[in-house]
Amino acid sequence: MVYVDTSVALAHLFAEDRVPPDELWKESLVSSRLFEYEIWTRVHARQLAATHSEAARLMIARVALLELAPPVLARAIEPFPAPVRTLDAMHLASIEFLRARGQQVRLAAYDSRLTAVAERLGIPLYL
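Just so you know, my numbering puts 83 at position 98 of the sequence shown, and the rest follows in order with no gaps.
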């Protein structure tokens, strides 16, 4: 299972210089419910709804979204091995929630601050 960070999804959606390998989209993908909101806020911020809405909907539909359940939220307010931003705390807490339930999860992310803390937590990286 691969936890997809929004940085990777947006790179793919907006055809940025750094895009994930095609093989990623063949994996079992999961992310926090935040993923959906982060995608749409970036689409709207770039004023690309007219051209990118369908692709955004398809991408969101491809990813299983984990709700922000009380155990996830409780973990997000606990300390991490290094300072994290709020949304990163939510994503890392979501990954830890899955791992605590026996899921083998790798993180696909381009955000170096997120991946640095993930590695310190023992979360394997996909990219």
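Even for Gly, the Cβ is constructed at its ideal location relative to N, Cα and C.
- Judged by DSSP secondary structure, Arg91 falls outside any alpha helix (DSSP H) and instead within the beta strand (DSSP E) spanning Arg91 to Ala93.
- As computed with DSSP, Tyr22 is found in no beta bridge at all.
- The beta carbon of Leu14 is closer than 7 angstroms to those of Val(-13), Val(-11), Arg47, Val48 and Ala49 in its chain, skipping five residues each way along the sequence.
- Assigned with DSSP and collapsed to three states, Val15 falls in strand.
- Between the alpha carbons of Pro64 and Ala74 lies a distance of about 9 angstroms.
- In this structure, Val57 and Ser79 form a Cβ contact; the two beta carbons are roughly 5 angstroms apart against a cut-off of 8 angstroms.
- Between Ala(-4) and Tyr95 the beta-carbon gap is near 6 angstroms, inside 8 angstroms, which marks them as a contact.
- Non-local C-beta neighbours of Val69 in its own chain, meaning closer than 8 angstroms and more than five positions away in sequence, comprise Leu77, Arg98, Leu99 and Val102, ordered along the chain.
- When the five nearest sequence neighbours on each side are left out, the beta carbons in the same chain lying within less than 6 angstroms of the beta carbon of Glu12 are those of Val(-13), in order along the chain.
- Residue burial is scored here from C-beta neighbours: Glu81 has at least 16 other C-beta atoms within 10 angstroms and is therefore classed as buried.
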